[in-house]
Each structure stands twice: as C-alpha cells, then as structure tokens.
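Here is the structure we will look at, set down as structure tokens.
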Amino acid sequence: MSDSTLIWQNGTLKPWHEATVHVSAHALHYGSSVFEGERVYATPDGPRFFRLADHTRRLFASARVYGIDIGYTPQQIDDACRDVVRANGMDAAYVRPVVFRGAGGLGILPKDDVVDVAVLALPWGSYHGDAREQGADVCVSSWNRAAPNTFPSWAKAGGNYLNSQLIALEARRGGYAEGIALGCDGLLSEGAGENLFLVLNGELVTPPTSAGVLVGITRDSVIALAGELGIPFVERALPREALLYADEIFLCGTAAEITPVRSVDGAPVGRGGVGPITRALQDAFFGLFDGRTEDRWGWLTGLDEPASTSAARDPRHAASISAVIPDREKHKAAIRDRTVREAPDSMEASA
Ligand code: PMP
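Offset between the sequence shown (1-based) and this note's numbering: plus 5.
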C-alpha cells in the first residue's frame with residue numbers, strides 16, 4: 006500500500022505507513038482486539054455501505070464481551086468508516102474497523118483506558134476468486150471450533166481467529182479453498198471465515214447460532230432473502246454426514262459473500278456445479294448492489310447518510326448485536342492520539 010492510502014487511527018486520518026502501533030501492544034500478545042469486516046459496493050447510486058449500522062452494533066457487542074470501552078460512540082465509528090472510504094476516493098472497499106488493547110504493559114490484566122481504534126479501507130474483490138461462479142473445493146477440518154464457554158463465538162475477537170487460521174492453513178496444505186469446522190460436539194459449525202448453509206430436500210438449512218458460529222450479518226441477509234424468495238428455511242443442528250446428503254452447499258460472509266461449494270473432501274456436492282437455490286440467493290444478494298433487488302430493509306447507505314438502523318431478522322442475532330452505548334466521553338481525551346506512548350511502568354510479563 007502506498008502512503009496515499011489513508012487510515013483512520015484514533016480520530017485522525019494518517020498515511021498508511023504512519024498508522025503504526027507499539028510492539029508492547031496488549032492485543033499483539035494476547036489477542037485482545039475486536040473488529041469488523043464491512044463492504045462498500047459500487048452501486049448505480051454511487052458507493053454504498055452494506056449494513057454498516059449492524060456491523061457497528063456487533064463491534065460494540067464484541068467489545069462489551071471483553072470489557073473494552075471503545076471510547077467513541079457508534080455514530081463516531083460509522084463516521085470514521087465513511088470518512089476513510091471518502092478520503093481514499095473509493096467506490097468499492099472492504100472496510101476494517103479494529104479496536105484493540107494497546108501499549109500499557111505486559112500484564113494479562115489489561116489497563117482499561119488503553120484502547121486504540123483504527124479503520125482501514127482496502128480494495129478486495131472476490132475472497133475465494135473464481136469459486137464464486139464455479140464453486141469451491143473444501144474439506145472438513147480436523148480442528149474443532151472452540152467449545153462453549155471458552156472463546157465466545159458471537160464476539161468477533163482477534164483471538165478467535167487463531168482457530169480460524171488453523172482451519173484455513175490446514176485446508177490450504179491439503180489443496181482446498183477452505184475448511185469447514187465441526188463444533189466440539191462433532192456437529193457442523195462453520196468455515197474459517199464464513200457461515201455455512203446446506204440445501205437438504207429443497208430446504209435451506211444452517212447450524213444454529215449456538216453451534217460455535219459467528220452470528221454473521223451475511224447469514225442474516227441470506228435468511229431474509231430466502232424469505233423473500235419463498236425458499237423454506239430452518240436452523241438445525243446438523244451432523245457431518247449432512248454434507249454428503251446435501252444437494253447444495255454454500256459459505257457466506259462479508260468477504261466471501263455467497264460462495265458455492267462444489268466438493269467436500271473430494272466428494273462432489275449434489276449433482277455438481279452450482280445449484281438453483283444457491284444461484285437464486287446469489288442473484289438476489291448481488292442484485293442488491295446493481296439495482297436488481299429492491300433494498301427493502303434499508304441495508305444500503307451512502308457515504309453521506311446516517312447508517313441504517315435496520316433490525317436484524319434473527320432475534321438471537323438482534324440480541325447479540327443490540328446497541329451497546331459506552332460512556333461516550335470517558336476516554337475521549339486519552340485516545341486522541343495514542344500511537345506514541347510513554348513506556349509503561351512495568352514491562353514484566355505475567356503470562
Ligand atoms: N464466521 C466467521 C468465523 C467469520 O470470520 C465471518 C466473517 N466475518 C463470518 C462467519 C461471516 O460473518 P459476516 O457475514 O458478518 O461477515
């Protein structure tokens with residue numbers, strides 16, 4: 006990236022190479038970050054965020070799980086996301102707000118007031134490349150998702166992605182595009198960075214939100230679009246062998262969008278190729294961005310308008326991302342620019 010790319014860091018836009026953090030940052034050692042991945046699409050009406058308010062709500066909910074006080078309001082985070090896209094003159098982007106415990110000592114117990122916030126905007130096309138059209142070859146991972154009451158899967162926290170890395174690295178070593186993980190109960194969970202959907206006997210099925218999954222915003226959108234299209238849908242715990250019974254399988258997420266799966270561990274899915282329900286959902290989803298699908302939910306917002314407050318469809322999802330407003334002013338002064346900090350009193354590790 007060149008220095009003409011701007012990053013929003015703790016309230017200011019900075020050239021790419023200046024947006025740095027100290028090596029003692031807590032998040033670097035202990036995974037104490039929460040983040041989002043959002044997309045801006047180039048639509049006939051100009052650049053539009055997809056479900057910005059819902060992403061911001063989830064960011065605040067994730068921060069609450071780990072007791073991280075973001076120190077900005079949701080409105081300010083929305084504005085930062087819009088600012089960074091505008092400042093970089095982008096029509097389409099992958100936007101990454103990240104909130105992390107910064108440089109304040111190496112104790113596991115973090116300092117409450119040392120929280121950094123940054124927003125990056127990058128060009129990012131199809132996450133799985135050609136697979137969007139042709140289907141991805143995936144495997145079932147030998148790694149399980151984290152057990153309940155260990156690493157909370159509803160929170161989109163940096164540390165959770167160590168598990169995702171094990172799954173994705175193993176998949177790549179085996180020549181697969183992605184790995185599908187089972188939960189600790191041996192039932193289907195999700196991909197390294199995507200939620201999982203199957204079509205079984207004409208019904209769209211996805212594991213429940215209690216299956217160690219991130220409660221995906223694309224997942225929620227797919228469920229809403231399936232409702233519009235009259236596709237029967239159910240959330241159900243699924244055994245691994247459902248992958249072999251499925252007529253269609255796809256993965257979905259902000260980066261992966263809707264990526265069909267054409268084989269699992271070398272076995273073709275259904276009749277091979279991309280199935281009709283997956284295709285219909287892809288058409289409806291991508292139609293939101295080229296005007297073919299009416300945005301009935303207020304999911305798309307421009308760079309100058311307030312983010313939509315569209316309610317999540319799944320009530321459990323709504324609960325997980327319900328707005329959590331932090332003490333808005335508390336850390337404002339402290340976070341103005343914390344890139345360069347004084348050395349903490351003690352650098353002794355307690356890990
Ligand atoms: N599961 C995991 C583990 C993910 O990282 C993602 C991507 N954020 C998803 C599911 C899909 O979530 P979303 O649709 O909100 O991007």
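No residue lacks a Cβ here, since even glycine has one placed at the ideal position from N, Cα and C.
Rounded separation between SER9 and GLY94 - CA only: Here residue 9 refers to the residue found at position 4 when the sequence shown is read from its first residue. Here residue 94 refers to the residue found at position 89 when the sequence shown is read from its first residue. Between SER9 and GLY94, the alpha-carbon positions lie close to 11 angstroms from each other.
ASN165 - DSSP class collapsed to helix/strand/coil: Indexing the sequence shown from 1 puts residue 165 at position 160. Assigned with DSSP and collapsed to three states, ASN165 falls in helix.
PHE291, enclosing alpha helix (DSSP H) - first and last residue: Counting from 1 along the sequence shown, the entry for residue 291 is found at position 286. In the DSSP assignment, PHE291 falls within the alpha helix (DSSP H) that extends over 281 to 295.
ARG177 to GLU43 span [Cα, whole Å]: For the purposes of this step, residue 177 is taken as residue 172 along the sequence shown, with counting starting at 1. For the purposes of this step, residue 43 is taken as residue 38 along the sequence shown, with counting starting at 1. Across the structure, ARG177 and GLU43 are spaced so that their CA atoms are roughly 25 angstroms apart.
Where ALA136 falls, given that 16 or more other Cβ within 10 Å makes a residue buried: If you number the sequence shown from 1, residue 136 lands on position 131. Flag for ALA136 reads buried.
7 angstroms Cβ cutoff met for PHE255 and VAL269: Mapped onto the sequence shown, residue 255 falls at position 250. Mapped onto the sequence shown, residue 269 falls at position 264. Cβ atoms of PHE255 and VAL269: not closer than 7 angstroms.
Proximity test, GLU195 beta-carbon vs ligand 1 heavy atom, cut-off 6 angstroms: Within the sequence shown, residue 195 is the residue found at index 190, counting from 1. The answer is yes for GLU195.
Outcome for ILE131 when other beta-carbon atoms lying within 10 angstroms are tallied against a minimum of 16: Along the sequence shown, read from residue 1 onward, the residue named residue 131 stands at position 126. Before going further, note that residue 131 is Ser rather than Ile in the sequence given. Burial is judged here by how many other beta carbons sit within 10 angstroms of a residue's own beta carbon; SER131 has fewer than 16 and is exposed.
heavy atom of ligand 1 below 6 angstroms from ASN200 C-beta: One-based indexing of the sequence shown puts residue 200 at position 195. Yes.
Contact set for GLY164: own chain, Cβ-Cβ below 6 angstroms, skip 5 residues either direction: As a first step, residue 164 must be located in the sequence shown, where it is residue number 159. Answer for GLY164: GLY36, listed in chain order.
Closest Cα partner of GLY140 within the set LEU293, SER215, GLN81, VAL279: Numbered from its first residue, the sequence shown carries residue 140 at position 135. Looking at the Cα atoms, VAL279 is the closest of the given residues.
Per DSSP, cross-strand counterpart(s) of CYS144: Along the sequence shown, read from residue 1 onward, the residue named residue 144 stands at position 139. GLY184, per the DSSP bridge assignment.
Beta-ladder partner(s) of TRP13, from DSSP: Numbered from its first residue, the sequence shown carries residue 13 at position 8. In the DSSP output, where bridge partners are listed per residue, TRP13 has LEU18, VAL124.
Close Cβ partners of VAL142 (< 7 angstroms) along its chain, the five nearest in sequence each way excluded: What you label residue 142 is simply residue 137 of the sequence shown in a count that begins at 1. Here residue 142 turns out to be Asp, not Val, going by the sequence shown. Hits under 7 angstroms: TYR181, ALA182, ARG267, SER268.
Same chain, Cβ closer than 7 angstroms to ASN149, neighbours up to 5 away in sequence not counted: On the sequence shown, position 144 is the one that residue 149 refers to. Closer than 7 angstroms at the Cβ level, and outside the excluded window around ASN149, lie ALA186, LEU187, GLY188, CYS189.
For GLU41, the three-state DSSP class (helix, strand or coil): For the purposes of this step, residue 41 is identified with residue 36 of the sequence shown, where counting begins at 1. Shown here, GLU41 sits in coil according to DSSP, grouped into three states, outside any helix or strand.
Any non-hydrogen atom of ligand 1 closer than 6 angstroms to GLY235 Cβ: Position 230 of the sequence shown, counting from 1, holds the residue named residue 235. No, Cβ of GLY235 sits at least 6 angstroms from all heavy atoms of ligand 1.
Contact set for PRO237: own chain, Cβ-Cβ below 6 angstroms, skip 5 residues either direction: Here the question's residue 237 lines up with position 232 in the sequence shown. Excluding its 5 nearest sequence neighbours in each direction, PRO237 has C-beta neighbours in its own chain below 6 angstroms: GLU208, listed in chain order.
For ASP84, the nearest candidate out of LYS116, ALA108, GLN14 (CA to CA): Locating residue 84 in the sequence shown gives position 79, counting from the first residue. Closest by alpha carbon: GLN14.
Under the three-state DSSP convention, the category LEU219 falls into: Position 214 of the sequence shown holds residue 219. In the displayed model, LEU219 falls within coil according to three-state DSSP, outside both helix and strand.
Where ILE172 falls, given that 16 or more other Cβ within 10 Å makes a residue buried: The sequence position of residue 172 within the sequence shown is 167, counting from 1. Under this definition ILE172 is a buried residue.
Any non-hydrogen atom of ligand 2 within 6 angstroms of ILE82 CB: Ligand 2 is not part of the structure shown, which contains ligand 1 as its ligands.
Sequence-distant residues of the same chain with beta carbon closer than 7 angstroms to ALA24, five excluded per side: Walking along the sequence shown from the start, residue 24 turns up at place 19. Taken in chain order, the residues that qualify are ILE12, GLN14, ALA123.
heavy atom of ligand 1 below 6 angstroms from ILE222 C-beta: Position 217 of the sequence shown, counted from the start, is the residue given in the question as residue 222. Within the cutoff, so yes.
CYS86 - DSSP class collapsed to helix/strand/coil: If you number the sequence shown from 1, residue 86 lands on position 81. In this structure, CYS86 counts as helix in the three-state DSSP scheme.
Neighbour-count burial assignment, LEU114, 16 or more Cβ in a 10 Å radius: If you number the sequence shown from 1, residue 114 lands on position 109. Classification for LEU114: exposed.
Nearest residue (CA-CA) to TYR99, options LEU127, SER147, SER38: Taking the first residue of the sequence shown as position 1, residue 99 is located at position 94. It is LEU127.
SER67 - containing alpha helix (DSSP H), residue span: Counted from its first residue, the sequence shown places residue 67 at position 62. Counting along the chain, the alpha helix (DSSP H) containing SER67 begins and ends at 57 to 70.
LYS335, buried or exposed, once every other Cβ within 10 Å from all chains shown has been counted against 16: Here the question's residue 335 lines up with position 330 in the sequence shown. Bear in mind that a pLDDT of 39 at LYS335, under 50, signals an unreliable position, so the model cannot answer this.
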